[in-house]
Amino acid sequence: APSEHDTSIMTEPKGHMGSPHYHNESSQLRSRLLALLSILLLTTSSTPSGAINPETICFAGSGKPKTDIVMCTMALLQAPPLSRATLLTRRARARIQIEDDARALEDLAQSLAINPLSAEALTERGRALGFLGRPAGAREALNKALRLSPNDSRARRIRGVLALTLGEYAGAIMDLSRVIAAGSGERESYALRGIAHYFAQDQAASLRDFREATARDSSYAYLPLWIALAQQRVGQISEAGLQQARAALLGDQDWPAPVIALFQTPGPEALAAALNLAARGTPQLRRARSGQVHFLYGELLRSRDKPEMARDAFAAAVREGDPRTVEYALATQRLAGQHTRGKRGKN
């Protein structure tokens, strides 16, 4: 069924839907999709293909974005007008997961043409535009989504992350605080708010948030490192926490063990070990981890009053990292801040 936000459904224009040419193309497309689906099912699921309901899987999500795209496309072939907007939005969400943001926007344009009052579609539009480097459009879409659905924690969290990546820390803290108060996704929101507090120079607040995220078993792997950075800012000793975090991991090849070791014994060898382990996995994972290593190392060097080395690390984070990660945006902010300070010094 459509989501609760799809309240103004419009039908598509009649005409081509009933033509023989359309049905012939539709049949061919359905056959191709079924063949692709069979391949996907062989590699991702033991469920018999006859038991598959594309619309149900599209709405619920399978956890595998490429499978979701196929399911949503199949469901759209015969979807009633009432369901099309939501199916298009769910397919767009899956496209964003595989970094196909431009095609996601095409789906969302169709979805919003059917239902302009879909907060869900507007939220996904905000995500896609943010990833495409269009923050003004992203903010506009998210603001509209929240006007339509003020209690939508997903839209508010995404807007908070957008503010964080743009260096608008007060706005990020405000939105993430609302998400935490609503009790929705608070584990990761504590970590993100902690980063916003850290960059806003409120280290006591950042430590509280990082520790709360840790207590709630946040999946964010770098929390011990952020805690160590905040502790150094307030003059606390961080070694015990790093040792505890390292002891909780299985071995030297368990991520982020080499990054913790880098914090314990900074230097070229430890950095090389961290980057070597970061260079494994999918291309997206390799980019993300490499950029995160360089960024965190830059923060460590910055906290130890080594601005030139820190700048090189931040530059490497931007050069080698994944633009879709928070750490990439934060490295960009550090470089911009250093550039601004350099210009002021010359003046």
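Numbering of the sequence shown is given in our numbering, commencing with residue 276 and proceeding in unit increments. We put the CB at the ideal spot given by N, CA and C, even for glycine.
I want to know whether the region 350–360 touches the region 381–391 - three or more CB-CB distances under 8 Å.
yes
Only counting runs of 4 or more residues, tell me where the alpha helix (DSSP H) segments fall wholly within the region 580–619, in order along the chain.
582–595
What's the C-alpha gap between G556 and D477?
36 Å
What's the call for I624, buried or exposed, on a 16-neighbour Cβ count within 10 Å?
What is shown of the chain runs 276 to 622, which leaves residue 624 out entirely.
Could you have a look at S337 and say whether DSSP puts it in helix, strand or coil?
coil
Using only alpha-carbon positions, find the residue among G442, D580, A585 and P391 that is nearest to L571.
A585
Taking A430 as the reference, give the member of Y495, L451 and A445 with the closest Cα.
L451
Leaving out the 5 sequence neighbours to the left and right, which residues in its chain are closer than 6 Å to A604 when beta-carbon positions are compared?
T440
Range of the contiguous alpha helix (DSSP H) that encloses Q630:
Nothing can be reported for residue 630: it is not among the residues displayed for the chain, which extend from 276 to 622.
Exposed or buried, which one is P533 when buried takes at least 16 other CB atoms within 10 Å?
buried
If you draw a straight line from the alpha carbon of E381 to that of L537, how long is it in whole angstroms?
44 Å
Under a three-way DSSP split, which group does Q567 fall into?
helix
Comparing C-alpha positions only, which one of G573, P558, R508 and A545 sits nearest to E374?
P558
Secondary structure at Y495, three-state DSSP: helix, strand or coil?
coil
C-alpha gap between R432 and R400, whole angstroms
14 Å
Ordered list of beta strand (DSSP E) runs contained in the region 339–370, each at least 3 residues
none
From what residue to what residue does the alpha helix (DSSP H) around E544 run?
P543 to A553
Around the C-beta of Q353, are 16 or more other C-beta atoms found within 10 angstroms, so that it is buried, or is it exposed?
exposed
Compare the Cα-Cα distances from A367 to each of P355, P356, R434 and R402 and report the closest residue.
R402
If you check the beta carbons only, do A420 and A394 fall under 8 Å apart?
yes
Quick one: what does DSSP say L441 is sitting in, helix, strand or coil?
coil
Compute the distance between the beta-carbons of D484 and Y497, then report whether it is under 8 Å.
no
Taking C-alpha atoms, which residue in H472, L407 and A456 lies nearest to N426?
A456
Starting from the C-beta of E461, find all residues in its chain whose C-beta is less than 6 Å away, skip the five residues before and the five after it, and write them out in chain order.
I455
Beta-carbon proximity check, H569 vs A591, cutoff 8 Å
yes
Check this for me: beta carbons of G516 and A505, under 8 Å apart or not?
no
Since Q478 is in the alpha helix (DSSP H), which residue starts that stretch and which ends it?
Q478 to A490
So for E395, helix, strand or coil by DSSP?
helix
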